[in-house]
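Take -17 as the starting number for the sequence shown in the working numbering and just add one per residue.
Ideal Cβ placement from N, Cα and C applies to all residues, glycine included.
Shown next, in structure tokens, is the structure this report addresses.
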Amino acid sequence: MEFDVRLDLVSDEETGGNGTLSTLLHGVEADLVVVFEPTNLDVHNGHRGCLTTELDIQGKSVHMGSDLTGVSAIKRAADVIKSLEQLEGSMLKEASKDGAFNLDLPLYFQTQDHS
């Protein structure tokens, strides 16, 4: 049995797959795909996945003398981050049951300046 072997090194694989999309749009086909990930050379059918989202956290500004009537967007954001970190912990715990996906990868937060 003969197979064509191709090496497809792409960018943006973690947050959108645009490199892989470009490969497909250029008509490249394959009988199978090998993804080079740190799996100790074990073969696995699946991937960890990725979630990218944007949050808009609202607050209510007030004079510092009447702080109790305001709503701090920063405090709300801190609560959201804490919840996401707890979710990350439970997801990593679940992933650790499969040795191929037992990678201690951190959760990164990117902020945008909307000024």
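Check                                                                                        : Outcome
Cβ-based neighbour list, G41, same chain, cut-off 6 Å, excluding 5 preceding and 5 following : V53, S54 and A55
Paired residues, beta bridge with K42 - DSSP                                                 : V53
Local conformation of K75 per DSSP, three classes                                            : helix
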